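Chains as they are written, first to last, in my numbering: chain A, 1 to 107; chain B, 1 to 107.
To start, the structure under review is shown below, and the notes come after it.
There are 2 protein chains.
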Amino acid sequence: MGLTKTQIFNTRQNQLAIIFKVLAHPARIAILQYISNQKECICNDIVDEIGLAQPTISQHLKELKSIELIQGEIEGKKVCYCINLKKWKEVQVLLNTFFDQTKFNCC
Amino acid sequence: MGLTKTQIFNTRQNQLAIIFKVLAHPARIAILQYISNQKECICNDIVDEIGLAQPTISQHLKELKSIELIQGEIEGKKVCYCINLKKWKEVQVLLNTFFDQTKFNCC
DNA sequence: ATTTATTATCGTAATATTGCAATATAAAAA
DNA sequence: TTTTTATATTGCAATATTACGATAATAAAT
Chain A
1 MGLTKTQIFN
11 TRQNQLAIIF
21 KVLAHPARIA
31 ILQYISNQKE
41 CICNDIVDEI
51 GLAQPTISQH
61 LKELKSIELI
71 QGEIEGKKVC
81 YCINLKKWKE
91 VQVLLNTFFD
101 QTKFNCC
Chain B
1 MGLTKTQIFN
11 TRQNQLAIIF
21 KVLAHPARIA
31 ILQYISNQKE
41 CICNDIVDEI
51 GLAQPTISQH
61 LKELKSIELI
71 QGEIEGKKVC
81 YCINLKKWKE
91 VQVLLNTFFD
101 QTKFNCC
């Protein structure tokens, strides 16, 4: 096994799980925090800041891009990574909806 | 490798990542939704509801318990699992703080 | 006391994730 | 054109996660 049985869950449940999974790494949390506080957010600066190898950071950035939480704008040989504010807020609403929809009937 | 370098991140970043990781599975999302909408939240009912084997559900419940999102009360040979409302709200606040603290200086 | 019912734990196979060296790609600088 | 700089991709080793059969543990029912 080792394979999540996504087919037995609904779209919303799988969507939430994917979002949580992308956020489930301290490096990706740190990258998001760093990007959001910089005026110039260049990949190479992130490598210096975080302390992981360049390919590792590149891979984490790819995962953050996969759910569009960040977007990269090519500027010559550099890439400026930025928070996708629209998606960021959408995700926050989605997570809050999940937390608010629990009804606590039990115990 | 395959081992997350937690030591290079701060406590808050690691704490957030752990919470996100616990929530990063559709079965655990489904379990939380199911528990929160039942008056009687018995482990065996969860097994019937979700469609994964009993040991698998038991393992997922253990992970949810590990960050105290749920608590289990033994009732004879059954166990009543409930949302830990205090922790639930704490986690929601923690996640919202993370989302609100991004400042979007860039781009 | 034995059986039945409910949940937890162990062991293990399959798959996923993490991290990095090596290398590729692409654009600017020399 | 060659070199340098910045980022992405590939390939791989180490570790983690997912799922489940087998089994243990515990309490109720017979």
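C-beta: ideal position from N, C-alpha, C; glycine also.
Because the structure is a prediction, the values reported are computed rather than measured.
With distances taken between CA atoms, residue 2(B) lies nearest to 56(A) out of 65(A), 56(A), 36(A). Where residue 83(A) is concerned, the enclosing beta strand (DSSP E) starts and stops at 78 to 83.
Below the 9 Å Cβ cutoff, chain B contributes 20, 21, 23, 24, 25 as neighbours of residue 21(A), in chain order.
Of the residues assessed, residue 21(B) falls on the buried side of the cut-off, its CB having 16 or more other CB atoms within 10 angstroms. Here residue 51(B) is not near residue 18(A), since their CB atoms are 9 Å or more apart. Around residue 78(B), the same chain offers 42, 43, 44 as residues with beta carbons nearer than 8 Å, after the five sequence neighbours per side are excluded. Residue 74(B) carries a strand assignment under DSSP once its states are collapsed to helix, strand and coil. If you check the CB distance, residue 69(B) and residue 32(B) come in under 9 Å.
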